[in-house]
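For reference, the structure is listed below as structure tokens.
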Amino acid sequence: MDDRLRHLPEISDHVLSSLKADEALKHKILLSAASGREKRKISFRTVIALCCLSAVLVVLCVFAIGSKPEGDIQVISAGSRHSSPPIRLEEMIDEAAELAAP
Amino acid sequence: MGRDPSDQEGKVSELSFDELYALYATDVLRVSYYYLGDRQRAEDVTQDVFIRYLQNRPALVSGREKSWLLKVALNRCRDLWRSSWLKKVVLGHPAFELFPADDEIGRAADSIALAESVSRLPAEFKDVVLLHYYQGYGVSEIAEMLGIAEGTVSSRLSRARGRLSKELKGE
């Protein structure tokens with residue numbers, strides 16, 4: 012069997028002699044490769060654009076979290092719980108100034 | 471025969487796409503055809519292999535260009551072979567159609583029988599037989615190309631010969 016198989020190249024050349032990679036197939040390959048490259052470029056740009064958009068969204072979220080709106084100060088005392096209006100620094104300074112005045 | 475014409479160890483290949491195609495595309499096509507038994511799919515595999523080459527531009531070692539192309543082709547063939555749809559619908563009973571030139575029709579029937587028997591071998595035997603007997607690669611080169619042990623290649627070759635011998639005697 013080994014001897015017979017040694018002739019496989021010649022046998023294949025005979026039985027498949029008209030099966031050849033021709034110019035038409037080559038042309039198809041070149042066209043497909045060119046269109047594939049174009050597709051890849053578009054998808055790469057899309058990825059970059061998505062990355063930029065995500066970065067912008069992250070920055071916006073960080074800013075939004077950083078600038079918290081003023082909230083009520085929760086004052087909890089024994090037996091009761093109530094909210095007091097926000098205390099401003101300016102008001103505290105004014106009160107301190109009044110107390111300090113003779 | 472397995473070695474390619476300009477065999478220089480370690481040197482990066484300088485062959486252009488046109489040269490690679492002219493030298494090896496028919497081999498890739500015929501090996502794929504042996505594997506799949508379907509001309510259209512063999513052309514698709516050849517197309518995939520060369521598109522992959524054009525898009526990735528791998529640094530091929532001089533003298534080993536064909537082994538890279540055949541390795542990619544066989545991987546692709548194996549993927550197609552494994553796909554259950556292809557097995558059931560197309561390759562369930564692959565009809566190995568022959569494409570002899572007009573002046574070759576009527577040539578020795580046993581040659582045709584051998585080619586048909588090779589095409590009917592199970593996938594794991596077919597790739598070692600095609601690489602060894604058709605493309606002329608040695609056992610160690612085949613082991614490297616397929617990522618299997620040399621002993622496995624030898625054992626598959628031996629078992630494939632046994633199967634072929636049995637099948638051809640039965641005809």
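From first to last, the protein sequence lines stand for chains B and E. According to this note's numbering, the first sequence holds residues 12 to 113 in order. According to this note's numbering, the second sequence holds residues 471 to 641 in order. Glycine is no exception: its CB is placed at the ideal position from the N, C-alpha and C atoms.
(request) Could you run through the region 574–605 of chain E and flag, in chain order, every residue whose CB is less than 9 Å away from some CB of chain B? (result) Legend: CB atoms of the region 574–605 of chain E lying less than 9 Å from CB atoms of chain B belong to residues Glu574, Arg577, Ala578, Asp580, Ser581, Ile582, Leu584, Ala585, Glu586, Val588, Val599, Leu600, His602, Tyr603, Tyr604 and Gln605.
(message) Is it the case that the region 491–507 of chain E contacts the region 29–38 of chain B, given that we only count it when at least three CB pairs across the two stretches are under 8 Å?
(response) By the criterion of at least three beta-carbon pairs nearer than 8 Å, the region 29–38 of chain B is in contact with the region 491–507 of chain E.
(request) Kindly indicate the opening and closing residues of the alpha helix (DSSP H) around Ala108 of chain B. (result) Ala108 of chain B -> alpha helix (DSSP H) spans Leu100 to Ala111.
(message) For the ligand PLP, is there any heavy atom lying closer than 7 Å to the beta carbon of Lys31 of chain B?
(response) The ligand PLP is not part of the structure shown, which contains no ligands of any sort.
(request) Could you please give the first and the last residue of the uninterrupted alpha helix (DSSP H) stretch that includes Ala492 of chain E? (result) Counting along the chain, the alpha helix (DSSP H) containing Ala492 of chain E begins and ends at Phe487 to Leu506.
(message) Between Ala75 of chain B and chain E, is the shortest Cβ-Cβ distance under 8 Å, so that the two count as touching?
(response) For Ala75 of chain B, the answer is no, since every Cβ of chain E falls outside 8 Å of its Cβ.
(request) Check the Cβ of Ser65 of chain B against every Cβ in chain E and list those closer than 7 Å, keeping chain order. (result) Simply none; closest approach about 28 Å.
(request) For Tyr503 of chain E, return the contacting residues in chain B, with the cut-off set at a CB-CB distance below 9 Å. (result) Correct list: Leu27 and Leu30.
(request) Below 8 Å on the Cβ atoms is my guess for Phe487 of chain E versus Leu524 of chain E; work out the distance and round it to an integer in Å. (result) Approximately 6 Å separates the beta-carbon atoms of Phe487 of chain E and Leu524 of chain E; this is inside 8 Å, confirming the contact.
(request) Report yes if the C-beta distance between Leu490 of chain E and Cys547 of chain E is below 8 Å; otherwise report no. (result) Annotated as distal: Leu490 of chain E and Cys547 of chain E, with beta-carbon spacing of 8 Å or more.
(request) Apply the 10 Å Cβ neighbour rule to Ile59 of chain B and answer buried if 16 or more other Cβ atoms are within range, or exposed otherwise. (result) Taking all protein chains shown into account, Ile59 of chain B has fewer than 16 neighbouring C-beta atoms within 10 Å of its C-beta and is therefore exposed.
(message) Quick check on DSSP: helix, strand or coil for Asp477 of chain E?
(response) Unreliable positioning characterises Asp477 of chain E in this predicted model, as indicated by a pLDDT of 49, which lies under 50. The coordinate reading is nonetheless provided below. Under the three-state reduction of DSSP output, Asp477 of chain E falls in the coil class, being neither helix nor strand.
(request) Going by CA-CA distance only, name the one from E:Gln510, E:Gly533, E:Ser610 and E:Asp508 that's closest to Glu484 of chain E. (result) Nearest of E:Gln510, E:Gly533, E:Ser610 and E:Asp508 to Glu484 of chain E, Cα basis: E:Gly533.
(request) Please classify Glu106 of chain B: is it buried, with 16 or more other beta-carbons within 10 angstroms of its beta-carbon, or exposed? (result) The residue in question, Glu106 of chain B, is exposed, as its Cβ has fewer than 16 Cβ neighbours within 10 Å.
(message) With a threshold of 8 Å, are at least 3 pairs of Cβ atoms found where one atom belongs to the region 584–595 of chain E and the other to the region 627–641 of chain E?
(response) In short, these stretches touch, since the Cβ pair count reaches three.
(request) Closer than 8 Å by beta-carbon distance: list the chain B residues that pair up with Thr496 of chain E, in chain order. (result) For the C-beta of Thr496 of chain E, the chain B residues within less than 8 Å are, from N- to C-terminus, Leu30, Lys31 and Ala32.
(message) 8 Å is my cut-off, CB to CB: does Arg56 of chain B come that close to chain E?
(response) No - not a single Cβ of chain E is within 8 Å of the one on Arg56 of chain B.
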